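The numbering of the sequence shown is my numbering, which starts it at 68 and goes up by one.
Reviewing the structure listed below.
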Amino acid sequence: MKKNSASSQNTTNNFRPPVVTILGHVDHGKTTLLDYIRKTNIASREHGGITQHVGAYQIETSGKKITFIDTPGHEAFAKMRSQGAGVADIAILVVAANDGVMPQTIESINHIKSAGISCIVAVTKIDLPGINLDKIKKQLVKQDLKLEEYGGEIPLVAISAKTGQGIDKLLQMVILLYELKEIKKDLKEQTKAVVIESTLTKNRGIVATVIIRNGRLTIGDNIVCDKQAFKIRALINWLGKNVKEAEAGDPVEILGWQFPPSIGSIVFKTEEIKLATKPPMSVSKVSIKKPLLPTHQEILPEEEKIRLIIKADTYGTLEAIINGLKNKKNIEIIQTGIGIISEGDIFLAKTTKSLIVGFQIKLTDQILKLAEAEKVIIKTYNIIYELFNELDEVVEAIKTGNMVKILGEAKIIALFHIKNQIIAGVKVTSGRIARGDQVKIMRGNQELTRVRIKSLRHGKEDVTTSSQGSEAGVLFSQNLDLLTGDSIIAIG
Numbered sequence: 068m069k070k071n072s073a074s075s076q077n078t079t080n081n082f083r084p085p086v087v088t089i090l091g092h093v094d095h096g097k098t099t100l101l102d103y104i105r106k107t108n109i110a111s112r113e114h115g116g117i118t119q120h121v122g123a124y125q126i127e128t129s130g131k132k133i134t135f136i137d138t139p140g141h142e143a144f145a146k147m148r149s150q151g152a153g154v155a156d157i158a159i160l161v162v163a164a165n166d167g168v169m170p171q172t173i174e175s176i177n178h179i180k181s182a183g184i185s186c187i188v189a190v191t192k193i194d195l196p197g198i199n200l201d202k203i204k205k206q207l208v209k210q211d212l213k214l215e216e217y218g219g220e221i222p223l224v225a226i227s228a229k230t231g232q233g234i235d236k237l238l239q240m241v242i243l244l245y246e247l248k249e250i251k252k253d254l255k256e257q258t259k260a261v262v263i264e265s266t267l268t269k270n271r272g273i274v275a276t277v278i279i280r281n282g283r284l285t286i287g288d289n290i291v292c293d294k295q296a297f298k299i300r301a302l303i304n305w306l307g308k309n310v311k312e313a314e315a316g317d318p319v320e321i322l323g324w325q326f327p328p329s330i331g332s333i334v335f336k337t338e339e340i341k342l343a344t345k346p347p348m349s350v351s352k353v354s355i356k357k358p359l360l361p362t363h364q365e366i367l368p369e370e371e372k373i374r375l376i377i378k379a380d381t382y383g384t385l386e387a388i389i390n391g392l393k394n395k396k397n398i399e400i401i402q403t404g405i406g407i408i409s410e411g412d413i414f415l416a417k418t419t420k421s422l423i424v425g426f427q428i429k430l431t432d433q434i435l436k437l438a439e440a441e442k443v444i445i446k447t448y449n450i451i452y453e454l455f456n457e458l459d460e461v462v463e464a465i466k467t468g469n470m471v472k473i474l475g476e477a478k479i480i481a482l483f484h485i486k487n488q489i490i491a492g493v494k495v496t497s498g499r500i501a502r503g504d505q506v507k508i509m510r511g512n513q514e515l516t517r518v519r520i521k522s523l524r525h526g527k528e529d530v531t532t533s534s535q536g537s538e539a540g541v542l543f544s545q546n547l548d549l550l551t552g553d554s555i556i557a558i559g
């Protein structure tokens, strides 16, 4: 790959920062790579070590800025990966040296080809023993990736995000592509930005993350997006700092929205504000039919459906959940939305006999008490595959006729060894557990055993039941090899 001498004579100010998306299979080291580049530690704070939002970040190397987009690797986030590729100039395709080409690797390759953007292959985890780099290269060639080594134009860099091996070379390759593409920055061009994420926050209201493609945005600018027009109230950079303006290539959060914009929508700057149309409904149509989920989630064979009310922290994750469930015939989505679970959600769930599913949502004590009083079950998740796996189990139970009545669930948060007995300190996450209940002990998605609850204590008092949101000490009918994080499911 030869460097254009004319481009090297231009100053950095003549170019906007390139937008680089990092694509690849789940758990292949995309976020860990970005952590090393940014010298931060995001991967350890991601639930399950899996990115579940589109993150946009900016670094400076060799005096030049690069904007990175980190996209989720789980199969449910295919649309978000596609959108990440669509907004980028350059794609880094991450392939783990110990796994090689995997399903989301192939999908990512297709996104890169569809977007028509430049590509660099980064083979990660190269520090692991027994790595066969030639095998991975052949797998990539089979996917019609024209690697430089075989006469093509796509460079391949072997890296380790743990040791830092090859990362400087990778960044140099990004800068080289950046200069070859001559990505010019024209601040006089009509301002255009692309929405890559939107969310509803408690203190700041609706917030959307955008990548500015052309021009610049300034606080007070009038913008139009998704049939709404408003004045920018605040701009926040990727470090969480308020800024007065942002330029082409910059990732920035915009405040001032009337309703959340859809992912991938275009933001334009305008001279005057026109009245926005009514916000699109963030929920599906609500139809009141006969009850499908009786009290405490009893699944009836003659009805064969589970009704869900889904709340998520962002529109990107909400969209991924809906897409992941749309082909499941035994699931009916009654309502969806972003933000906290509200009293209205509780009453709608009661009326429609629905289960409320929350993704990366915190529950208030008030909502927990109301849900218990109205006998509504709320299930919350932080990892998307756990949500899908658990719902798959319920759907499979319907298909096979193996119906159970789930009375409640609890999570083991502590273990105490007292007089040769093991007491499990638990927090009830849904429904209730009671003395005498038969319970399934779950470790992840694996059922370990079934036992009965011998006794329950709350503080120093013996109790017969413990309800959603409360904590209790549980003694089982036999001593078990338990771990904190194990789940207890009370069944009827």
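Idealized CB from N, CA, C, for every residue including glycine.
Small disclaimer: the values here were computed from a predicted structure and weren't measured.
- The criterion of a C-beta distance shorter than 9 Å is satisfied by P327 and S265.
- Fewer than three pairs of CB atoms, one per stretch, sit closer than 8 Å, so the stretch 514-532 makes no contact with the stretch 438-447.
- Its Cα nearest to that of K472, the residue I558 stands out among I558, I303, I376 and K131.
- Annotated as distal: K378 and T419, with beta-carbon spacing of 9 Å or more.
- Looking from the CA of Q427, the closest CA among Y382, K393 and I157 belongs to Y382.
- Annotation for G96: V161, A163, T191, K192 and A228 place their beta carbon closer than 8 Å to its own, counting only its chain and skipping 5 residues before and after.
- Look at the beta carbons and you see the stretch 177-197 touching the stretch 217-225: at least three pairs across the two are nearer than 8 Å.
- With a beta-carbon spacing of about 5 Å, A189 and I226 fall inside the 8 Å limit used to define contacts.
- Nearest C-alpha to K429 among K436, I407 and D412: I407.
- Distance from L90 to S175 at the Cβ level is roughly 4 Å; contact confirmed, criterion being Cβ atoms closer than 8 Å.
- Judged by DSSP in its simplified three-state form, A539 adopts strand.
- A straight-line Cα-Cα distance of about 10 Å links K106 and L100.
- CA-CA distance, D235 to R271, rounds to 38 Å.
- Scanning the stretch 407-441 from its first residue to its last, the whole alpha helix (DSSP H) runs of 4-plus residues come out as 410-419 and 432-440.
- V262 is positioned such that its CB atom lies closer than 9 Å to that of C292.
- For A158, the closest of Q295, K204 and V86 by C-alpha to C-alpha distance is V86.
- Nearest in C-alpha terms to G498, of all of A491, G536, T516 and F335, is G536.
- Inter-residue distance for L392 and E439 is about 27 Å (C-alpha atoms, whole angstroms).
- Across the structure, Q545 and S522 are spaced so that their CA atoms are roughly 11 Å apart.
- DSSP, read as helix, strand or coil, puts Q239 in helix.
- Contact between I398 and K417 fails: their C-beta atoms lie close to 19 Å from each other, not under 8 Å.
- Here P328 carries a coil assignment [DSSP, helix/strand/coil].
- Under the DSSP assignment, Q210 falls outside any beta strand (DSSP E); it carries neither an H nor an E label.
- Judged by beta-carbon spacing, E314 lies within the 9 Å limit of R83, meaning their Cβ atoms are closer than that value.
- The C-alpha of T531 is placed about 24 Å away from the C-alpha of D548.
- The beta carbons of I500 and I520 sit about 6 Å from each other, so the pair counts as a contact at 8 Å.
- About 20 Å separates the CB atoms of K298 and N281; that is not less than 8 Å, and the two are not in contact.
- Check the Cα spacing between D102 and each of I198, L375 and Y124: the tightest is with Y124.
- A distance below 6 Å between beta-carbons, with the five flanking residues on each side excluded, links S181 to no residue of its chain.
- Between I451 and I508, the C-beta spacing is not below 9 Å.
- Secondary structure at E338: coil, using DSSP grouped into helix, strand and coil.
- Spatial neighbours of L322 in its own chain (CB-CB distance under 8 Å, excluding positions within 5 residues in sequence) are listed in chain order as R271, G272, I273, V274, I299, R300, A301, L302 and I303.
- For N177, the enclosing alpha helix (DSSP H) stretches over residues P170 to A182.
- For D529, the enclosing beta strand (DSSP E) begins and ends at E528 to V530.
- For E460, the secondary structure class from DSSP, reduced to helix, strand or coil, is helix.
- Within the DSSP bridge table, the entry for E216 names no partner.
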